[in-house]
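Numbering (the numbering used here), first residue to last: 921 to 1539.
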């Protein structure tokens, strides 16, 4: 964002000295020589710019702002000066003046991507995520090659829940390495991890640590990545190295150290130490919802259930305040408990569908569905452990296919009968392309697509894969609702649905009613897998699932925990649970919060009856 000025063509010896100092990076000398030059003559544009840049690079922001302001008066028609002035203003916190200067720079030169990037970063900093995304995507259209523009735009996309857009922007990221910009490389790693890629962030942050052993932020971030891929010893060693550097007393660093340590303590089973550390450290900022989710986890493990619920209420309030900035419609008082665009197909509408050719069962995916936290990840890891099956991390493929149809003609989603053979063939091709972008497809194995809320997309799934087998995960509704309430979801839809226990209960009931209506219409081939039965008699239930999927040998599925450990990264909230053997820890947890569930029970009662559960036990 800073202009480069070449002074070598000037004959004055002072100018040559400035040029030499600039080439060597001696900005203090550049400042001294530029001031001397300016004192001898009327202010020259090139010399003012040289002085401003030297001040900026010496981190003298107020003096730099003053000099850039003089430049905009000397050369008011120069877009570069206005851009540099705006950046300096932004760094001093003069946000309104910075925005005005960026807009003037854009007006003077609409084809320059620089001021759009600066303005987009300003908007991100003030949490104006939707406008930031539009501004940074505009900058990307002007310069599609610069990695920094793609990375900043991808960050804005993730803030707006446009994860697919972020993936598209970052697709060529391996071609950019090395970035030679540690903060930008760290930002890229953070976005990739958010998008469900662990190997890329690990590579990027390991490189930062390798090239600068004093980079505390990189070490702590690498420790969080190692924890996510279950390399706990390596994570602890990195945190210990930071503590050994004597920097952990610094407020920001100390806070981060404590939170990483608390996470590792929870993984090691020391909830007492984790809670103490979290309470001692406090939240990182007023918007730090993750602190309260982690504190609630520690309190829950210590049977301090009232304290856990208080922390969860605080966490959700912070999440709602943050997410409502980008999708206010999901949080409006009149918004549905499950703010998703649903396809509704009646029996009469289904009878109007034309007969089309479609893949048989052997060439259709196996779909694992159910409300989030019903045990879908456990089922997925079991199936993925079988050599005849291949799964992938959770992806909203059918949401994307629906978006494709919606862009073509929104009316299609209200009447799937209009889809012709060609349309369905093309949608299946798009689906397989998206899958192949996520995993290296083994074509001798059947695909397992695990996405809990695919239960809302049954009409579209059935239109494309009518012979597919579906495994519906069922768990005591109150345990499901509690587990969802304790999760730090990234999806604005799930954040909105999880705002309160009552809202979650309504979302659960609505999702189940939509599923059951469509099951009655389409009569798909569904196996109901009850979590409690799977825990009580794992061998018998795996044989039952294998028989449903026409697999001869169910025994590989019993080694799912080792298989999950071997995979390393699992991009779901239950990543730390599925590497353990099946256990009863998740059963009847809601009874510990019985008082908080009293308003919930009447809401969820119809589904308790339907699935054969009690309001007292899981029987």
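Beta carbons: idealized from backbone N, C-alpha and C, even for Gly.
Range covered by the beta strand (DSSP E) that runs through residue i
i	result
residue 1366	1366 to 1370
residue 1445	1445 to 1450
residue 1222	Segment: none, residue 1222 is in no beta strand (DSSP E) and carries neither H nor E.
residue 1306	From DSSP, residue 1306 is part of no beta strand (DSSP E); its letter is neither H nor E.
residue 1393	1389 to 1394
Sub-8 angstroms separation of residue i and residue j beta-carbons
i	j	result
residue 1387	residue 1381	no
residue 1182	residue 1417	no
residue 1095	residue 1128	no
residue 1295	residue 1393	yes
residue 1289	residue 1379	no
residue 1512	residue 1270	no
residue 1384	residue 1401	no
residue 1449	residue 1391	yes
residue 1126	residue 1184	no
Alpha carbon of residue i to alpha carbon of residue j, nearest angstrom
i	j	result
residue 1141	residue 994	45 angstroms
residue 1238	residue 1266	39 angstroms
residue 1523	residue 1370	27 angstroms
residue 1175	residue 1472	52 angstroms
residue 1525	residue 1469	32 angstroms
residue 1150	residue 1188	11 angstroms
residue 1248	residue 1260	14 angstroms
residue 1116	residue 1244	23 angstroms
residue 1044	residue 1076	7 angstroms
residue 1085	residue 939	43 angstroms
residue 1067	residue 1053	16 angstroms
residue 1134	residue 1083	33 angstroms
residue 1447	residue 1160	48 angstroms
residue 1282	residue 1366	7 angstroms
residue 1194	residue 1222	10 angstroms
residue 931	residue 968	Legend: pLDDT at residue 931 = 45, less than 50; position of this residue unreliable, value from coordinates given subsequently. Whole-angstrom Cα-Cα distance: 18 angstroms.
residue 1057	residue 1458	50 angstroms
residue 928	residue 985	Only weak support is given to the placement of residue 928: the predicted model assigns it a pLDDT of 43, under 50, and the value that follows is read from those uncertain coordinates. If you take the alpha carbons of residue 928 and residue 985, they lie about 26 angstroms apart.
residue 977	residue 1010	15 angstroms
residue 1275	residue 1437	22 angstroms
residue 1413	residue 1527	22 angstroms
residue 1202	residue 1345	54 angstroms
residue 1539	residue 1521	With a pLDDT of only 45 at residue 1539, under the threshold of 50, the placement of this residue in the model should not be trusted, and no figure is reported.
Own chain partners of residue i with C-beta closer than 7 angstroms, once the 5 adjacent residues on each side are dropped
i	result
residue 1483	1301, 1304 and 1305
residue 1533	1396 and 1397
residue 921	Since pLDDT at residue 921 reaches only 39, below the 50 mark, its modelled position is unreliable, and no value is offered.
residue 955	971
residue 992	1001, 1002 and 1005
residue 1325	1332 and 1333
First through last residue of the alpha helix (DSSP H) which encompasses residue i
i	result
residue 1071	1067 to 1079
residue 1111	1102 to 1114
residue 1523	1521 to 1531
residue 1083	1083 to 1090
residue 1039	1033 to 1045
residue 1413	1412 to 1417
residue 1056	1049 to 1062
residue 1286	That residue, residue 1286, is in no alpha helix (DSSP H); its beta strand (DSSP E) goes 1286 to 1289.
residue 1405	1397 to 1405
Candidates the options: closest to residue i by CA position
i	options	result
residue 1411	1079, 1159 and 1152	1079
residue 1236	1255, 1249, 1359 and 1216	1216
residue 1531	1016, 1320, 1256 and 1433	1433
residue 1180	1136, 987 and 1274	1136
residue 1018	1031, 997, 1030 and 1046	1046
residue 1364	1285, 1333, 1233 and 1297	1285
residue 1314	1292, 1323 and 1103	1292
residue 1375	944, 1425 and 1430	1430
residue 1339	1277, 1308 and 1295	1277
residue 1196	1206, 1207, 1099 and 1211	1211
residue 1207	1242, 987 and 1329	1242
residue 996	979, 965, 982 and 980	965
residue 1071	1528, 1391 and 1087	1087
residue 1158	1172, 1138 and 1148	1138
residue 1454	1090, 1477 and 1445	1477
residue 1109	1101, 1122 and 1097	1122
residue 945	934, 1144, 974 and 1337	974
Cβ neighbours of residue i in the same chain (closer than 6 angstroms, five flanking residues each side left out)
i	result
residue 1439	none
residue 999	1025, 1028, 1029 and 1032
residue 1099	1105
residue 1362	1310
Chain-order list of residues whose beta-carbon lies under 8 angstroms from that of residue i (same chain, five-residue window excluded)
i	result
residue 924	Low per-residue confidence applies at residue 924: pLDDT is 43, beneath 50, and the placement is therefore not dependable, though the value from the model is reported in the following sentence. Taken in chain order, the list of residues that qualify is empty.
residue 941	947, 949, 950 and 953
residue 1240	1251, 1415, 1416 and 1419
residue 1199	1215
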